[in-house]
Structures are given as structure tokens and as C-alpha cells.
Amino acid sequence: MITRTLPAPLPISDQEHPGSCPLSIHDMTVAYHRRPVLWDIDYDAPPGKLIAIVGPNGSGKTTLIKAALGLVPAASGEVRFFGMRYARQRGRVGYVPQRESVDWDFPVSALDVVAMGLYGRIGWCWPVTRRYQREALAALARVGMADYAHRQISQLSGGQQQRVFLARALAQSADVYLMDEPFAGVDAATERAIVEILRELRSQGKTALVVHHDLQTVTDYFDEVLLLNMRLIAAGPVEQVFTSENLRKAYGGKLALLDEVGHKMRLAGGGQ
Amino acid sequence: MIREALDILAGWSAIDLWIVVTGALAAMACAVPGCFLLLRRQSMMGDALSHTSLLGVVLAFLAADKLADLGWLAPAAKGGVHHAIMVAGAMVVGLLAAILTEWIQKRGRVEASAALGVVFTIFFALGLLLVRVAADKAHIDPDCVLYGTVESAGIGDGVPEPALVNGIVLLVNLALVFLFFKELRISAFDPGLATALGVNARAMHYALMAVTAATLVAAYESVGVIVVVAMLIAPPATAHLLTDRLGRMILISLVVAAVGALLGHAMAVVLPRIVFARLGYTTVGSASSAGMMAVASGLLFGAAALFAPRHGVLSKSLAQWRLGLKIAAEDLLGLLYRLEEHGLSAHGAAAPDLLQRALPVGRLTAALASWTLRRNGSLLVTAGGYRLTDKGRMAARGLVRGHRLWESYLAKHFPLPPDHLHASAEMAEHYLGAQLRQELAGELAETAKVDPHGRSIPGEKDKA
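Line by line, the protein sequences are chains A and B.
The first sequence: position 163 = 163 (the working numbering), numbered continuously.
So the mapping is simple: the working numbering equals the position in the second sequence, first residue as 1, plus 1000.
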């Protein structure tokens, strides 16, 4: 039933070509329980930039990242990292989930958590050998947390926990990073440390897409911005896109019709 | 009474030994997947699986009988093959239950626990129904399924079958954890990243469910459905209180499981004879060993909850009490230092009384505080009253310096009236180490000489 109300998806070329675009999203729609939370996203991330993903609560920022990584299924559309499917580029993509998404009482040390970023390279069944532990420790040192390597993670402050997550992503030594609110609830020192790391990554030619909440710092921290509110409002260099008009579009007056159609689709789908 | 208990235990035989070994192996085998269930906050999944696998076992039994009837399965080969079929049946049904639970949760839009509750009760009911219906065909005794037959473990020669089965399961589980330690850890801690890295967290979840179901079924025969749940969760929960590393947690849970089995059987042998005999019931010779093993696991958990070094209730309150004492002692030092500043010393007044009058602490705390200070050489008792030693004065100066630096710092950054500063500094002074004081002084620069009340801020070291 629902397939008839949506236009038939266009024939999508299934080809993969190695390319320079770190993340390319083509016509992606994501739905939870048939209720679309992201509509028709088309986006090509420019390489070597720091990109803020900005939008109000429930605008689909986290969903965008998760769908790009295949953690939530996309109803339609396709995603390419450097021109290839994610499954073939895992090693080049780093992911920093929201800090609240894990249980910090879990019996692991900060070093154990950072070493998780190396699991992809270590491979199945192999242990974390000393060489990899040294690598993890080096990543912790880069975020100024080497002294806390052997602390159980619940004994760290919120900012320190966030730095551990960042170190884990650094350990992945990826070429493009997807970060979900790394600045949420951190202290001033951690915020500075994160910004420094981001700039360091950029100077190495890497790209970072960062879900960001603090509109005041967007211009300071980022080169590009992606304004999201269930659909892509605007994307491009901060000075061009981060305008009051675009912000009004993203934050002000919700798109009533979009909501209404989404609601109807949900009801028609049998959900309650 | 202890003598009596020892006398009973002296009569320990090979049968007792095998009961303990079987129980310990079952408990240890369960503890391994139990650790991961606990950490994934899916402890109830173990409970549910232990119930649903009954259906798997019965179906497997019926299938095996059918195969034997058809002549595809030699009735003589029943032992080992039957075990394998039972385990396979439980794994299949356990997986089915996990998948169905997830499906109901998504489709029915209900909570995970509600979906679980629906699925496992239905499966358990079906299982029980089949047990009754097929009781005459398959040799399944409902009591045996519920309570297990660990007591009969040691009857016969050689290694008893239940011990062998549980031992094999334990070895398999340990091998799996050894091989997939990284993958199990990351998919339990951060399923999102695990999946992004190519370790499909959902597949790992189903694998864990299947292994748990298989382990439970192997353990059933010896300890029964009900006790198995305790074995699955209590030792890992105990271990979780005692360590904060995953590898150590698994090892400790194994030890706790084994000790629980030993303790449980000993209690089952000793307690009824002593306790019930006193109450006048002479006919009760022993209690269910399996049940007592569950009780022992619970007792071990209780002990850990009380005495665990970091997470235990007692150690936490002890740490609180120590902190309170440290603060009281430091307050006393600060008080004496300020009296000296005013050219007064604590003439005639006993320090505890002084502290008690000046600060909101109890008599005992005050006495203990002054006692610790005297012991570590910060305080001297003279005929003229209580005096600071050089060491005590050093510490006191640091405290007072921290207090006044903090007041200055607050006054500099917040527009607070002077009378709002003291209370906060009184709390903060106990946590300002030399390094923080240095940073505060650096931040305050030239103003770090006098506090907002006009009192001079002492330096780190005595100028004299």
C-alpha cells in the first residue's frame, strides 16, 4: 500500500568508482516504522573540511550518520564513501557515537575502549597485542588522557569520557570521521582539545562531519555547514549557508505539510 | 554446633564430591555467557531462555523418539546423541524466542521486557503441556526438569555423565570467549561501533542467545530450570562488584560459581540435620543440593554487595566516614592556626571540645580527629592546651591559604557579597591541593595577598 503512495525509486546506478568525495549521499530517505525522519537527502561532502551538521531536535542529525554507516536501514537512496560502498571502506571511516549511547559502568579501562578503534585492523579472533596497546596509548596521549589509560571508564568525568571516544576514533586512523555531538556536555578544556584535534585532522587532509548543537560556535569551529530539518535545508561553506534566513528555515516554523504527510503515512502503515 | 557440622562433613564421600563437581561445572558453564547477559542488561533474557528451552528439549525428545521408531537412530546410541539433539533443540527454540521477542517488540511497539514476558510464558506453557502429553512416550519427569537430579550425579562408577556434559559445555564456552573476546566485548559495550566496524552486533546477540540456551539445557539435567537462572546471573553479578575489568570479571565469576556449588552442597548436608533436628523434625536428612547452591550464590552476592572493596555498601560508608574524619581533623588544624594568628592558643580548652563548639561534628568524631592528629604528629598536648607542631602548622597553613585563595577567586569572578564566600570556601579548602593552590595564586596574581575579608593569605612556606 505504502509503495504506491511513494514514487517508484529511480533506477540507481549500482556502480562504484573510487573517488575523492569522502561522503556522498544520493536521494536517501530513512523511515522508522514507516514514518520518514529523513526525506530525499542529496549531499556531497567536500574533502578536507570540517563540516557541522546542524538542526533542531528530531531533525534527523543522528539518523543521517547512522544511516550513512548502515546502522539504520535506509528506505531508499545510496551512500558512498570515496565512491565505494561503506562495507568496502570500513577502514577509512571513523565513527564517534553519542556519549550517552553506551554504559559507562562497563568493566573496561580507557585504554580498552580506545583499543576498540583498532579492532577493525586487528581482525577477528586476534588479541590486542602490545603493539596495538601502544598505538591506543598514543591516541590517548593525543587527547591528553595518557595518565588515565588504566582508569575504569566510570571514574572519568564527562569531558574525559568524550576525549576517550575521540581517541578511539583517532586510533581508527580513518580518512573521514562521523561524530555525533562530541561537544555535548563537555568542559571548556575538553572543548578546546576537541577543536584542536579537529583542526589537526583537517591539516592532514581529513574530513569530519560533526553533529553540533551550539550555533554560536559554528562559524569559529567549522568550514562548512549542513542544515537539516528532516530534509536538507542548505549545505555549503559556513559564510554562504549559515545565514539567518536558512536558520529560520531550519529552526523556525516546522514544515507543517511534511509532518502531516509523514503522519498519514504512518497511520496508513498500520502503526499506532 | 560447629563441631557437629564438621562431624557431618567428615562423612563426605565420593558421591558428595561428584555432586559438587557437577554443580560447580554447571554453574561455571552458566557464568560465562551470564557475564555478557548481565553487562548487556539482558539478565532476564537468561530467565526467559531457561524457560523457553524446555519446549526445545521436549520437542527434541519427541523428535529423537520418532527417529528411533523409524529406525534412523539406534536406540542404543541414545546417551550422547540424545544430549546433542536436546542441546540443538534448545538452541533452535531459544533463537526463535529471541527473534520472536525482537519482532513483537518492533511490530507491537511494546517494551522489550513486555515482549519477552509474552514470548517466554507462552513457550514455557507449551513446553509444560508437551511434557504432560508426551510423558509416557519420552521419559521426561517434570520434577526432574524443574529441580534437577544433581543428587544422583555420583551414583555409579567413573565420571558421571552430567559432570562430563557440563564440563564439555564449560570448555566450549571458555574456548568461544577466548576466541571472540574482542568481538563479544565491543558488541556488548558499543553495538553501534561494533556493527560499523563489521562485527554485526545483532548477529552476536543471537549467537549469545543460542550459546546461552545450549548451556542452560546442559545444566538443567543436573540443577533444574529454576536454579539455573541463579547460576547464570548471581556469580557474574558478584564478580561485577569485585572488579572493573571484563577478563577478571569472567575469571572471578568462575571462582564464585565453583565456591557457590561447594558451599551449597555443604549447606544442604549440614543445615537440615542441625537446624531441623533442633526444631524437632528428625526425619529431614538433607535439603536439595541444587537449591542450596542457588542460596549459596545469593549469599556470596550479598557478601560482595556488603564488602566489595569499591562498590560494597560497607566500604562506601567507610570511605564516607573516613572523609568526614579527615575533614574534621583539617577543620581542627585550621581552627588552631587561626587562633594562633590572633595571638591566642587553645589555652586550657581540650581540642575536641573546641572543635565541637566551633564546628558541627559529633563528640566521637571530634575526639577521633584530635587523636589522629596527635598520632601523626600534627598536634601536641601540653599543659597549656593543644598546640600545633611545625608539621601541623604547615598543613594548617596550606588549608587556610586554600580557603582564602578560594574566597578571593570567587570574589574576583562572581559579584557575591562577602558573607556568601565563607561557606563555599569551607567546603572547597579540603580539596585544594598544593598544585591547585598554585594555579589559583597564579590566576589571582598580585591580588593573592589579601582575602576579600582583609585577612592576609599565608604563603606556601613559612617566611621565617
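Yeah, the Cβ is synthetic: ideal placement off N, Cα and C, and Gly gets one too.
How would you write the range of the alpha helix (DSSP H) that A:Ser101 sits in, first residue to last?
-> No alpha helix (DSSP H) holds A:Ser101; DSSP gives it neither H nor E.
Is any beta-carbon of chain D found at less than 8 Å from that of A:Phe81?
-> Structure shown: chain D not included; protein chains present are A and B.
Tell me whether A:Tyr43 is buried or exposed, calling it buried when 16 or more other Cβ atoms sit within 10 Å of its Cβ.
-> buried
For a contact meaning CB atoms closer than 8 Å, what does A:Gln152 contact in chain B?
-> Asp1244, Arg1245
Check B:Ser1253 in the structure and name its three-state DSSP category.
-> helix
Tell me, please, whether the region 1042-1051 of chain B touches the region 1225-1233 of chain B by the rule of three or more beta-carbon pairs shorter than 8 Å.
-> yes
Which of helix, strand or coil does DSSP assign to A:Ser173?
-> coil
Check each candidate in A:Arg34, A:Trp126, A:Asp105, A:Thr190 and name the one with the smallest Cα separation from A:Met145.
-> A:Thr190
Hey, does A:Tyr221 have any beta-carbon neighbour from chain B nearer than 8 Å?
-> no
Residues bridged to A:Met28 by DSSP?
-> A:Ile41
In chain B, which residues lie with their C-beta within 9 Å of the C-beta of A:Tyr95?
-> Gly1192, Leu1193, Ala1196, Leu1197
Going along chain A, which residues have a C-beta under 7 Å from B:Ala1183?
-> Reading off the sequence, residue 1183 of chain B comes out as Glu, not Ala. Those are Trp124, listed as they occur along chain A.
Contacts around B:Arg1040, its chain only, beta-carbon distance under 6 Å, and the 5 residues preceding and following it disregarded | Ala1188
How long is the line joining the alpha carbons of B:Ser1043 and A:Gly83, rounded to whole angstroms?
-> 43 Å
With a cut-off of 8 Å on the beta carbons, I'd call A:Arg168 and A:Met116 a contact; round off their distance for me.
-> 6 Å
Is A:Tyr119 close to chain B, meaning its C-beta is less than 8 Å from at least one C-beta of that chain?
-> yes
Express the C-alpha separation of A:Gln98 and B:Ile1327 in angstroms, rounding to a whole number.
-> 38 Å
Can you check the region 1022-1093 of chain B for any alpha helix (DSSP H) of at least 4 residues that lies completely inside it and give the ranges in chain order?
-> 1043-1070
Within 8 Å of chain B by C-beta, residues of the region 97-115 of chain A in sequence order | Pro97, Ser101, Val102, Asp103, Phe106, Pro107, Val108, Ser109, Asp112, Val113
Closer than 9 Å by beta-carbon distance: list the chain A residues that pair up with B:His1422, in chain order.
-> Residues of chain A passing the Cβ test: none, with the nearest at roughly 26 Å.
Meets three-Cβ-pair contact criterion under 8 Å: the region 1197-1215 of chain B and the region 1169-1189 of chain B | yes
In whole angstroms, what is the alpha-carbon distance linking A:Asp27 and B:Glu1443?
-> 54 Å
Close-in-space but distant-in-sequence residues of the same chain around B:Gln1105 (CB under 6 Å, 5 per side omitted) | Ala1112, Ala1115
Note down the Cα distance separating B:Thr1022 from B:Met1267, rounded to an integer number of angstroms.
-> 16 Å
Would DSSP call A:Gly236 helix, strand or coil?
-> strand
A:Arg202 and A:Lys49 look like a contact to me (Cβ under 8 Å); what is the Cβ gap, rounded to whole Å?
-> 7 Å
Kindly indicate the opening and closing residues of the beta strand (DSSP E) around B:Ile966.
-> Not covered by the structure: residue 966 of chain B. The range shown for chain B is 1001 to 1464.
Using a beta-carbon distance below 8 Å, is B:Gly1348 in contact with chain A?
-> Because the pLDDT of B:Gly1348 is 46, which lies under 50, any placement of that residue in the model is unreliable, and the number read from its coordinates should be weighed accordingly. Answer no: the Cβ-Cβ gap between B:Gly1348 and chain A never drops below 8 Å.
Using alpha carbons as the reference points, say which of B:Ser1288, B:Ile1250, B:Arg1248 lies closest to B:His1265.
-> B:Ser1288
Would you mind working out which of B:Ile1002, B:Gln1320, B:Gly1192, B:Val1217 sits nearest A:Asp103, comparing C-alpha positions?
-> B:Gly1192
Would you identify the three-state DSSP class for A:Val143, choosing helix, strand or coil?
-> coil
Contact the region 1391-1401 of chain B vs the region 1424-1442 of chain B: 3+ CB pairs below 8 Å = yes
Minimum Cβ-Cβ distance from A:Leu71 to chain B less than 8 Å = yes
Contact set for B:Thr1389: own chain, Cβ-Cβ below 8 Å, skip 5 residues either direction | Gly1377, Ser1378, Leu1379, Leu1380
Beta bridge counterpart(s) of A:Gln152 as assigned by DSSP = A:Ser109
DSSP state of A:Pro36 mapped onto helix, strand, coil | strand
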